[in-house]
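Residue numbers (this note's numbering), protein chains in the order written: chain A, 556 to 836; chain B, 687 to 897.
Glycine included, every Cβ here is placed at the ideal spot set by N, Cα and C.
Heads up, the thing below is written out as structure tokens.
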């Protein structure tokens, strides 16, 4: 049987590595889910043929390309258009009609990864008659990913499954109208991009984004430990106008993360919440 | 159930207090799983002294039907594992479709949507390895029917940390590839039990209280 000590050493080395990344580059993964970070970094050590996290730490400190690989490992890059289509139906029914009552709508998509869900929302807004009077701020901490999101180029193979999702989400148009196919890729239409602002923002270390009407942050909170989850939910509360919506991932909940009860559920099953009117935070 | 006292924020990590008693059962199952789970869970009695955490490979868009079916068949309450929830003794948990289920360094559940591992999400290896990190020798891992090799890496890790491994007899399994691969991965001598479905509930009940 392996000594429990080696696992303890591994955790110490992981802490040192995360501390080194933070102090050298400012990316803060110290409050991420530890089992997740451990799993991703073990994979990196294995792929790079290294012996330990300490060796990885040395490389990260002296070689920025190594840092870029680690950032890629620790970002959430797995996403799809109209993921959980039934939930998009809820957004069409519960959120879009409220947004229509505002003269101008501000939406923040926090942790947008390669942009699939941002374009999904842009399509929803267009079909909801909100085109040209909304601004979608799509942010991520990973600059490489944002560039991908800006390009809005996806594989045609993926687009096929997105088409099915789009139909299940209650789409009222023809999905192929929203992209141009070219060889084995699909490029999202320019009209969809004109209301989107892609920007760099780190939920762990950056501040609030003012007066949003809707914040979308799906499958990001699950990567954080409970303290950081609470901090980020409070950041969302401060970034929302009163009565603003918060939409989180299908397996996330505010049960432990909202001690001040800034939010109330709109459709709990769909993980859709609304900032209470009485809340001034 | 003993749990560690803190997590994250730079602490070096804590381990369950040294004790021989088992703390958690993890189950990995793929093709043919419905019938196998029916018999294993159906054979466990209410008040089973440990949490039972299951990864069953299934379609990414499958709904809560499996949970409902298993609830009907099992003496234990069955639910989908929820983010940051602590597993409770006498309760069975199913990994949600399209998420990896991990055991966090404080013993609670953690979900991720990282890319599939060996084409699977949830991944049996991901659960087994992280559960083993936390429970070490106090983990009982069970591999049932399946048509791929997920779980093999996981049982290697479980054995390296001194945990127990129970594998369904490939001769009986509807799909023998997965149990055979698990046995091959650690060597037949290192498998604690190779057993038929009918025997597995009794073995788990025995291991749960054995010291």
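### Message
Just to confirm my understanding: we take residue 642(A), look at its own chain, exclude 5 residues before and 5 after, and list those with CB closer than 7 Å. What are they?
### Response
805, 825
### Query
For residue 695(A), which of helix, strand or coil comes out of DSSP?
strand
### Task
Specify, as a first and last residue, the run of the beta strand (DSSP E) that residue 768(A) falls within.
767–772
### Task
Taking only beta-carbon positions, decide if residue 827(B) is within less than 9 Å of chain A.
no
### Query
Residue range of the beta strand (DSSP E) that residue 830(A) falls in?
827–830
### Query
What is the rounded straight-line gap between the Cα of residue 752(A) and the Cα of residue 766(A)?
16 Å
#### Entry: Given residue 565(A) as reference, the closest of 806(B), 840(B), 765(B), 819(B) once Cα atoms are compared
819(B)
### Endpoints, beta strand (DSSP E) assigned at residue 798(A)
795–803
### Query
Bridge partners of residue 663(A), per DSSP?
692(A), 770(A)
#### Entry: Chain-ordered neighbours of residue 799(B) on chain A, where CB pairs are closer than 7 Å
631, 633, 774
### Message
For chain B, check one thing: does any of its Cβ atoms lie closer than 9 Å to the Cβ of residue 681(A)?
### Response
no
### Message
For residue 832(A), which residues in the same chain have their Cβ closer than 7 Å to its Cβ, ignoring the five residues on either side in sequence?
### Response
797, 798
### Task
Could you run through the stretch 592–612 of chain A and flag, in chain order, every residue whose CB is less than 8 Å away from some CB of chain B?
593, 594, 595
### Message
Could you check if residue 633(A) belongs to the surroundings of the ligand GDP, using beta carbon to heavy atom distance under 8 Å?
### Response
In terms of ligand content, the structure shown is empty, and the ligand GDP therefore cannot be addressed.
### Query
Which residues, taken in chain order from the stretch 793–809 of chain A, show a beta carbon closer than 9 Å to some beta carbon of chain B?
804, 805, 806, 807, 808
### Message
At a CB distance below 9 Å, what residues from the stretch 579–591 of chain A approach chain B? Give them in sequence order.
### Response
585, 586, 587, 588, 589, 590, 591
### Task
Select from the stretch 785–813 of chain B all residues with a C-beta closer than 8 Å to any C-beta belonging to chain E, and list them in chain order.
Protein chains in the displayed structure are A and B, and chain E is not among them.
### Query
Whole alpha helix (DSSP H) runs in the stretch 747–774 of chain B with 4 or more residues, listed along the chain?
751–759
### Query
Nearest to residue 627(A) by alpha carbon, out of 677(A), 692(A), 703(A)?
703(A)
### Task
Go ahead and label residue 760(A) buried or exposed: buried means 16 or more other beta carbons lie within 10 angstroms of its beta carbon, across all protein chains shown.
exposed
### Query
Name the chain A residues that come within less than 9 Å of residue 753(B), Cβ to Cβ?
In chain order: nothing, as chain A lies at least about 13 Å away.
### Task
List the residues that DSSP assigns as beta-bridge partners of residue 838(B).
Beta-bridge pairing links residue 838(B) to no other residue.
### Query
Does DSSP put residue 692(B) in a helix, a strand or coil?
Low confidence applies to residue 692(B): its pLDDT is 38, below 50, so where it sits in the model is not reliable, and the reading given next is rough at best. Correct three-state label for residue 692(B): coil.
#### Entry: Within 9 Å of chain B by C-beta, residues of the stretch 691–719 of chain A in sequence order
none
### Message
Using 9 Å as the threshold, is the C-beta distance between residue 697(A) and residue 665(A) below it?
### Response
no
### Message
Three Cβ pairs or more, each shorter than 8 Å: is that satisfied between the stretch 582–591 of chain A and the stretch 771–784 of chain A?
### Response
yes
### Query
Can you name the residues of chain A whose CB is closer than 9 Å to the CB of residue 782(B)?
805, 806
### Interface residues of chain B facing residue 781(A) [CB-CB closer than 7 Å]
770
### Task
Anything in chain A within Cβ reach of residue 819(B), meaning under 8 Å, just list it in chain order.
562, 590, 593
### Query
Grouping DSSP H, G and I as helix and E and B as strand, with all else coil, what is residue 582(A)?
coil
### Message
Taking its Cβ as the centre, do 16 or more other Cβ atoms sit within 10 Å of residue 830(A), making it buried, or is it exposed?
### Response
buried
### Per-residue DSSP class, three states only, for residue 736(A)
strand
### Query
Would a check of beta-carbon distances place residue 811(A) closer than 9 Å to chain B?
yes
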